[in-house]
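**Q** Before I ask anything, let me first share the structure, which is written out below as structure tokens.
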Amino acid sequence: MYSPKIKPELIPKLYLIAKEHKKPMTKLVSNIIEEYINNGIHNQNYQPSDSSPSSSQSHKGRNGD
1 MYSPKIKPEL IPKLYLIAKE HKKPMTKLVS NIIEEYINNG IHNQNYQPSD SSPSSSQSHK
61 GRNGD
């Protein structure tokens, strides 16, 4: 099964939120993703920001830039 990586800088923030809500981080993240999908936020012209250099470099190769 595919397991996407969470940016390391988000982990401390997620940890604190999960601790505040007395939930495991995995459950918190799953709830956040479910809410995002179920509330249709993904259909409102959402443009994810991706600041990781490795991902922008990999896109260049595929697009022939």
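4 is the number that our numbering gives to position 4 of the sequence shown; each next residue is one higher, with no gaps. We treat Cβ as the ideally placed atom computed from N, Cα and C, and that holds for glycine.
1) Would you tell me roughly how many angstroms separate the C-alpha atoms of N32 and P8, rounded to the nearest one?
2) Could you tell me the distance, in whole angstroms, from the CA atom of Q19 to the CA atom of L10?
3) For I37 and S30, what's the separation of their Cα atoms in angstroms?
4) Can you look up I6 in the DSSP assignment and give me helix, strand or coil?
5) In this structure, how does DSSP classify N38 when only helix, strand and coil are distinguished?
**A** Working from what's here:
1) By 1-based counting over the sequence shown, the position of residue 32 is 32. By 1-based counting over the sequence shown, the position of residue 8 is 8. The sequence given here places Ile at residue 32; Asn does not occur at that position. Cα-Cα distance, rounded: 17 Å.
2) If you number the sequence shown from 1, residue 19 lands on position 19. If you number the sequence shown from 1, residue 10 lands on position 10. In the sequence under discussion, the amino acid at residue 19 is Lys, which differs from the Gln named in the question. Going from the Cα of K19 to the Cα of L10 covers about 14 Å.
3) In the sequence shown, counting from the first residue as 1, residue 37 sits at position 37. In the sequence shown, counting from the first residue as 1, residue 30 sits at position 30. So the alpha carbons of these two residues sit roughly 11 Å apart.
4) In the sequence shown, residue 6 corresponds to position 6, counting from 1. Coil.
5) Sequence index remark: in the sequence shown, residue 38 carries index 38 (1-based). Correct three-state label for N38: helix.
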